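Novice: Residue numbers (this note's numbering), protein chains in the order written: chain Z, 10 to 547; chain X, 13 to 686.
1) Residue 447 of chain Z: which of Z/461, Z/74, Z/440 sits nearest, CA to CA?
2) What residue range is occupied by the uninterrupted beta strand (DSSP E) comprising residue 47 of chain X?
3) If I measure Cβ to Cβ from residue 98 of chain X and keep anything under 6 Å in the same chain, skipping five residues before and after, which residues do I get?
4) Cβ atoms of residue 78 of chain X and residue 130 of chain X: under 7 Å apart, would you say?
5) Along chain Z, which residues have their Cβ under 7 Å away from the Cβ of residue 445 of chain X?
6) Let me confirm a value: residue 150 of chain X is counted as buried when at least 16 other C-beta atoms fall within 10 Å, else exposed. Which label applies?
7) Residue 549 of chain X and residue 564 of chain X: beta carbons closer than 7 Å?
8) Secondary structure at residue 394 of chain Z, three-state DSSP: helix, strand or coil?
9) I need the DSSP call for residue 149 of chain Z, collapsed to helix, strand or coil.
10) Could you check the C-alpha separation between residue 396 of chain X and residue 461 of chain X for me, to the nearest Å?
11) Measuring CB to CB, does residue 420 of chain Z end up less than 7 Å from residue 494 of chain Z?
12) Quick check on residue 8 of chain X: buried or exposed, where buried means 16 or more other Cβ atoms within 10 Å of its Cβ?
13) Count Cβ pairs between the segment 299–310 of chain X and the segment 216–228 of chain X that sit closer than 8 Å; are there 3 or more?
14) Please report whether the beta-carbon of residue 211 of chain X lies at a distance below 7 Å from any beta-carbon of chain Z.
15) To which residues does DSSP link residue 454 of chain Z through a beta bridge?
16) Examine chain Z for any beta-carbon lying closer than 7 Å to the beta-carbon of residue 521 of chain X, and answer yes or no.
17) Could you tell me if residue 279 of chain X is buried or exposed, where buried requires 16 or more neighbouring beta carbons within 10 angstroms of its beta carbon?
18) Restricting to Cα atoms, I'd like to know which of Z/435, Z/392, Z/427, Z/359 is closest to residue 5 of chain Z.
19) With distance defined between alpha-carbon atoms, name the residue in Z/78, Z/276, Z/89, Z/206 nearest to residue 236 of chain Z.
20) If the cut-off is 8 Å on Cβ atoms, which residues from the segment 402–420 of chain X count as contacting chain Z, listed in chain order?
21) Measuring alpha carbon to alpha carbon, tell me which of X/67, X/66, X/289, X/155 ends up nearest residue 314 of chain X.
22) Can you look up residue 395 of chain X in the DSSP assignment and give me helix, strand or coil?
23) Show which residues of chain X have a CB atom less than 8 Å away from the CB atom of residue 301 of chain Z.
24) Anyone know if the C-beta pair for residue 290 of chain Z and residue 258 of chain Z falls short of 7 Å?
25) Would DSSP call residue 102 of chain X helix, strand or coil?
26) Counting only beta-carbon atoms, is residue 401 of chain Z nearer than 7 Å to chain X?
27) Based on Cα-Cα distance, which residue from Z/23, Z/249, Z/256 lies nearest to residue 269 of chain Z?
28) Using only CA atoms, which one of X/222, X/122, X/350 lies nearest to residue 418 of chain Z?
29) Between X/248, X/196, X/264, X/270, which lies nearest to residue 219 of chain X when the distance is taken from Cα to Cα?
30) In chain order, what residues of the same chain lie with their CB nearer than 8 Å to the CB of residue 133 of chain X, ignoring the 5 residues before and after it?
31) Would you tell me roughly how many angstroms separate the C-alpha atoms of residue 599 of chain X and residue 181 of chain X, rounded to the nearest one?
32) In or out: residue 367 of chain X buried (at least 16 other Cβ within 10 Å) or exposed?
33) On the premise that residue 98 of chain Z lies in contact with residue 197 of chain Z, defined as a C-beta separation below 8 Å, what is that separation, rounded to the nearest angstrom?
34) Does any residue of chain X bring its CB to less than 7 Å from the CB of residue 16 of chain Z?
35) In chain order, what residues of the same chain lie with their CB nearer than 7 Å to the CB of residue 208 of chain Z, ignoring the 5 residues before and after it?
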């Protein structure tokens with residue numbers, strides 16, 4: 010450590026910057042308009058130092074973990090900054106992850122900054138917008154190219170020296186389906202940004218520049234020590250694991266993800282060289298998403314009170330092949346890379362660590378976010394609507410107990426939208442929300458059970474499903490059995506009024522009529538340990 | 013100078029008792045013709061009422077009215093010892109409690125776990141019925157199925173049943189029918205439209221299930237306590253229970269609405285601290301209660317604030333509660349280094365057993381030990397009159413974490429800095445994060461350790477002064493004694509007020525009318541018919557938002573006024589408003605209030621027989637410091653000083669001064685000199 014910052018000062022500074030990130034999150038959540046942000050809390054807020062290193066992140070969504078710093082790097086091309094500037098972006102190849110995740114980054118200036126001074130840091134917020142345009146409501150279509158998924162916003166200024174750049178906002182809002190809701194959510198994000206800027210500037214003034222910089226640097230060094238201490242306890246060596254996606258939504262072949270994990274001293278290297286090339290489909294993950302998935306697993310191995318900052322990630326290195334499904338390049342689509350491939354990358358890393366730490370690691374969890382997006386014209390009001398929901402499944406059985414039923418796993422931890430909130434807001438009716446019996450893999454500790462959710466449409470709508478583990482299963486470990494695959498069904502009526510059921514593939518866009526029901530049965534988690542004979546899975 | 017409070021007793025009851033049953037001690041505050049008396053006795057956790065009854069017999073007190081702060085509800089939830097309970101719900105939603113909102117409590121747990129639901133799946137039943145979001149019956153309630161389900165429930169032998177149907181808060185018909193049928197079978201019934209008529213089925217069910225689980229236990233406890241009070245105290249006093257939101261409730265109502273008492277004890281503390289601050293002329297107060305394992309802070313901007321998003325053991329409890337923020341920081345909090353080398357304090361605590369090293373039964377370094385090392389807790393003091401402090405033992409404990417700091421004293425100061433920063437974070441959450449400027453508030457410190465940290469904490473968040481009430485060790489019990497008798501009623505509405513709407517809002521007024529009538533009748537049933545005032549409020553949001561702000565209103569307001577009240581509240585809380593957006597009334601709320609005791613509450617404590625003296629105490633450096641007993645302080649005193657009393661120690665750091673107020677409170681003010 011370059012400068013000695015005492016252990017108490019470190020804990021206090023960590024608490025101060027973390028509470029700023031959390032306060033930004035509280036502001037964003039409480040002022041946003043869309044249920045996706047307010048009810049599901051699908052957003053993250055973070056604070057950075059002047060070099061763009063992450064000082065603190067409000068713990069909401071793991072998939073945003075490693076990806077927020079990329080946004081700060083990406084906006085560097087807009088420098089020099091003025092106080093009051095605020096950048097917006099969603100370009101997955103320039104600081105974003107997938108298009109619905111709209112990120113704002115703003116520079117923070119010292120209270121006593123003179124003209125021409127550089128920022129003392131940055132604050133950023135990322136929120137999943139329920140619609141950002143493109144070929145399907147909800148902007149998670151079964152696409153081939155990025156351009157089909159919505160409006161692409163490269164890093165641009167939304168505010169210049171405190172003045173809104175009206176033309177930029179007008180252009181964006183003209184390209185989305187629910188412009189009023191977007192405007193409200195953007196306002197909430199802007200409010201969070203402005204608050205974060207003020208708080209950081211206040212903290213900087215309290216500390217004084219020299220001490221602020223030293224303490225921030227010490228905080229990052231401290232994060233690095235935490236990871237190194239944990240890695241040093243692991244065995245050295247190299248392990249490989251392979252898992253795969255069911256398909257890419259266009260062709261039925263599985264999409265393999267292959268990892269070579271190396272641990273030496275207190276460093277870890279993730280080598281994904283042999284993973285599948287990118288596809289003309291939306292299952293491609295951009296590199297920041299892949300890194301986030303790996304960071305997430307490392308973070309799970311660290312002690313519970315570990316703070317979240319960029320130092321944690323310093324001992325972690327990657328080999329990510331270009332133009333691959335784990336490090337996509339233009340022009341392919343990427344929406345599902347963020348929500349589905351990220352889960353499979355976690356499963357792959359999870360599987361590798363299962364070989365190192367069989368006594369600690371649970372089996373695979375359901376491995377999908379079961380994305381449902383839908384939209385149309387609300388027959389009650391004549392207004393357009395767009396709805397996005399993810400559903401949990403069974404978590405993996407663990408050495409010390411069964412997996413949780415019906416829960417969000419790994420890269421997501423949003424909240425579901427209450428049935429009553431859905432029906433108040435959208436032309437939808439939720440007919441069932443129950444635990445899917447016997448879907449968890451059998452084992453000494455069974456996998457968690459999935460979920461059954463039946464949603465009825467009260468008017469014509471377009472529905473897109475992006476789901477996984479429909480043909481494959483969440484694996485068990487130590488002799489535990491895999492969980493059941495998920496299943497998507499359209500319950501509809503034939504032309505002559507007869508009720509009928511149609512099995513839907515894992516990834517599809519489908520038009521539904523008033524009265525139709527989409528039934529989603531989500532996968533169970535894998536079991537841990539061999540089940541005793543004849544024991545019931547429940 | 014603070015304004016002089018009215019000293020005219022306005023009580024209509026001559027003999028009143030406030031009693032707070034805590035985990036370790038049961039605190040009594042008794043008021044009769046002669047004034048206020050206080051006492052503490054060990055709690056009897058196996059039978060909490062025993063300490064109350066035997067205490068009263070011992071003191072010879074004969075209250076006409078007893079206000080009780082009870083941990084029965086909380087403990088019953090935490091230890092899962094409530095009544096076996098069944099659930100009846102809408103077809104398709106039997107698993108709502110287990111599914112929750114699908115989130116896992118700990119984002120980065122390798123193996124995430126959740127508490128099992130209060131009602132297991134085998135006791136959860138569905139009936140065919142459905143009401144739409146506009147209250148239209150889509151599927152009539154299948155009564156035959158309902159009777160079959162009730163047969164099955166009876167066969168399981170449970171005492172209590174929770175009923176929660178979708179959209180019952182808009183149209184309660186089906187729930188009422190089911191509730192009547194269940195009551196006819198002799199079951200204790202909690203119906204969701206009655207317990208919490210608001211949207212979001214999981215949160216409404218969670219609250220309703222908790223009530224169903226608690227009601228039989230609470231009713232039995234209160235019935236038995238009332239019977240024993242009648243036997244033991246000839247006066248057969250009227251019994252009330254403190255609710256989570258700082259108002260009190262008759263025992264009979266508390267039994268049926270048990271879930272409204274889960275924060276009973278802490279609510280007494282906030283109510284007591286706020287009342288003390290108001291009496292001393294500081295109605296803008298932040299209450300700060302620091303005990304052995306945790307600290308509770310609450311912001312009172314001229315009134316008690318309420319929240320409706322309480323979590324107990326990860327279970328949402330959405331009935332109103334004091335807006336309390338709890339942090340794992342107390343006198344017993346343990347100092348340790350994490351693997352990255354940062355000093356952490358808490359949340360693990362040495363508690364009362366084994367306690368801090370200075371108590372002589374452990375070797376762990378705690379916040380209390382740090383105070384002992386720095387000379388701020390004095391060895392000659394007797395904590396609560398029972399424990400003496402072992403300075404050498406405290407030094408050895410702190411020395412175990414002193415290496416990076418260069419000295420034992422520096423390590424002790426570091427521990428105090430870290431625990432203060434943990435508490436300061438909680439204070440910021442309830443003040444700056446909600447748009448309140450701490451510089452306009454007074455910190456009211458109580459609990460065993462609160463007065464030790466009051467000035468440091470005030471410095472950390474920019475509060476200019478702190479108040480130590482006269483008897484900080486029994487503040488919860490005195491809060492109960494003075495608590496107003498209140499009944500809350502609320503109703504989910506989902507009513508939109510368009511940007512151009514003007515004039516009366518009949519739907520809201522109708523709801524207010526009905527709710528006020530309901531709340532008044534409930535108070536009347538409990539025997540409080542006269543001198544009742546009703547307050548109105550509504551949970552409002554911009555159309556499309558899904559979080560609401562509770563805004564105080566009057567009945568009969570015009571649409572323009574309701575809208576502008578919300579714009580103002582939104583701007584105050586979040587820094588902006590959207591005057592061109594429609595405002596939605598999500599929930600209408602009323603509170604009927606009958607004033608509690610409002611007279612003189614000053615207490616005289618027996619003076620300790622120690623003369624003021626000067627010793628060296630370590631602050632920023634070692635400084636000569638005045639040490640004196642609280643009763644010996646008769647005029648302003650500049651810090652550094654240490655003021656001792658039976659149940660706590662007050663530190664006055666350099667740059668602060670202490671001043672006794674006529675009520676017996678102590679006012680600490682930052683002077684900046686020192």
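All C-beta atoms in this analysis are idealised placements derived from N, C-alpha and C, irrespective of residue type, glycine included. What you are looking at is a predicted structure, and each value in this text was computed from that prediction instead of being measured.
Specialist: A quick look at the data gives this:
1) Your numbering for residue 447 of chain Z matches position 438 in the first chain. Nearest of Z/461, Z/74, Z/440 to residue 447 of chain Z, Cα basis: Z/461.
2) In the second chain, the residue the question calls residue 47 of chain X occupies position 35. Note, residue 47 of chain X: beta strand (DSSP E), 47–54.
3) The residue you call residue 98 of chain X lines up with position 86 of the second chain. Cβ neighbours of residue 98 of chain X beyond the five flanking positions: 135, 165, 170, 173.
4) As a working note, residue 130 of chain X is residue 118 in the second chain. As a working note, residue 78 of chain X is residue 66 in the second chain. Result no, Cβ atoms of residue 130 of chain X and residue 78 of chain X do not sit closer than 7 Å.
5) Within the second chain, residue 445 of chain X is the residue found at index 433, counting from 1. Chain Z residues near residue 445 of chain X: 32, 35.
6) As a first step, residue 150 of chain X must be located in the second chain, where it is residue number 138. Residue 150 of chain X comes out exposed.
7) On the second chain, residue 549 of chain X is found 537 positions in, with the first residue counted as 1. On the second chain, residue 564 of chain X is found 552 positions in, with the first residue counted as 1. Result yes, Cβ atoms of residue 549 of chain X and residue 564 of chain X sit closer than 7 Å.
8) For the purposes of this step, residue 394 of chain Z is taken as residue 385 along the first chain, with counting starting at 1. Strand.
9) Along the first chain, read from residue 1 onward, the residue named residue 149 of chain Z stands at position 140. In the structure shown, residue 149 of chain Z sits in coil (DSSP, three-state: anything other than H, G, I, E or B).
10) Residue numbering aside, residue 396 of chain X sits at position 384 when the second chain is read from its first letter. Residue numbering aside, residue 461 of chain X sits at position 449 when the second chain is read from its first letter. Any reading at residue 396 of chain X must be qualified, since the residue scores a pLDDT of 48, below 50, and its modelled position is unreliable; no value is offered.
11) In the first chain, the residue the question calls residue 420 of chain Z occupies position 411. In the first chain, the residue the question calls residue 494 of chain Z occupies position 485. For the 7 Å CB-CB criterion, residue 420 of chain Z and residue 494 of chain Z do not form a contact.
12) Examination of residue 8 of chain X is not possible in this model, given that chain X is present from 13 through 686 alone.
13) Contact between the segment 299–310 of chain X and the segment 216–228 of chain X is absent, because fewer than three Cβ pairs lie under 8 Å.
14) By one-based count along the second chain, residue 211 of chain X stands at place 199. Taking CB atoms only, residue 211 of chain X has a neighbour in chain Z less than 7 Å away.
15) On the first chain, position 445 is the one that residue 454 of chain Z refers to. Beta-bridge pairing by DSSP links residue 454 of chain Z to Z/537.
16) As a first step, residue 521 of chain X is located in the second chain; it is residue number 509 there, counting from the start. Output row for residue 521 of chain X: interface = no.
17) The residue you call residue 279 of chain X lines up with position 267 of the second chain. By the 10 Å Cβ count, residue 279 of chain X comes out buried.
18) Within the shown structure, residues of chain Z are numbered from 10 to 547, placing residue 5 of chain Z beyond reach of any answer.
19) Position 227 of the first chain, counting from 1, holds the residue named residue 236 of chain Z. Out of Z/78, Z/276, Z/89, Z/206, the CA that lies nearest to the CA of residue 236 of chain Z is found in Z/276.
20) Along the segment 402–420 of chain X, the positions whose C-beta sits under 8 Å from a C-beta of chain Z are 416, 417, read in chain order.
21) Here residue 314 of chain X refers to the residue found at position 302 of the second chain. When only C-alpha atoms are compared, the closest one is X/289.
22) Taking the first residue of the second chain as position 1, residue 395 of chain X is located at position 383. Bear in mind that a pLDDT of 49 at residue 395 of chain X, under 50, signals an unreliable position, so the number given afterwards is only what the model happens to contain. Assigned with DSSP and collapsed to three states, residue 395 of chain X falls in strand.
23) One-based indexing of the first chain puts residue 301 of chain Z at position 292. None at all; the shortest Cβ gap to chain X is about 13 Å.
24) Residue numbering aside, residue 290 of chain Z sits at position 281 when the first chain is read from its first letter. Residue numbering aside, residue 258 of chain Z sits at position 249 when the first chain is read from its first letter. The answer is yes: Cβ separation under 7 Å.
25) For this step, residue 102 of chain X is matched to residue 90 along the second chain. For residue 102 of chain X, the secondary structure class from DSSP, reduced to helix, strand or coil, is strand.
26) Within the first chain, numbered from 1, the residue matching residue 401 of chain Z stands at position 392. Judged by the 7 Å Cβ criterion, residue 401 of chain Z is in contact with chain X.
27) As a first step, residue 269 of chain Z is located in the first chain; it is residue number 260 there, counting from the start. Closest option to residue 269 of chain Z, Cα to Cα, is Z/249.
28) Along the first chain, read from residue 1 onward, the residue named residue 418 of chain Z stands at position 409. Considering only alpha carbons, the answer is X/122.
29) As a first step, residue 219 of chain X is located in the second chain; it is residue number 207 there, counting from the start. Of X/248, X/196, X/264, X/270, the residue nearest in Cα terms is X/270.
30) Translated into positions along the second chain, residue 133 of chain X becomes position 121. For residue 133 of chain X, where only same-chain residues beyond five positions count, the Cβ hits under 8 Å are 106, 107, 110.
31) Position 587 of the second chain holds residue 599 of chain X. Position 169 of the second chain holds residue 181 of chain X. So the alpha carbons of these two residues sit roughly 10 Å apart.
32) For the purposes of this step, residue 367 of chain X is identified with residue 355 of the second chain, where counting begins at 1. Looking at its Cβ environment, which holds 16 or more other Cβ atoms inside 10 Å, residue 367 of chain X is buried.
33) On the first chain, residue 197 of chain Z is found 188 positions in, with the first residue counted as 1. On the first chain, residue 98 of chain Z is found 89 positions in, with the first residue counted as 1. The Cβ separation is near 17 Å, so there is no contact.
34) Taking the first chain and counting its residues from 1, one reaches residue 16 of chain Z at position 7. The C-beta of residue 16 of chain Z comes closer than 7 Å to at least one C-beta of chain X.
35) Within the first chain, numbered from 1, the residue matching residue 208 of chain Z stands at position 199. Only residues of its own chain outside the window of five on either side were considered, and among them 29, 32 have a CB closer than 7 Å to the CB of residue 208 of chain Z, listed in chain order.
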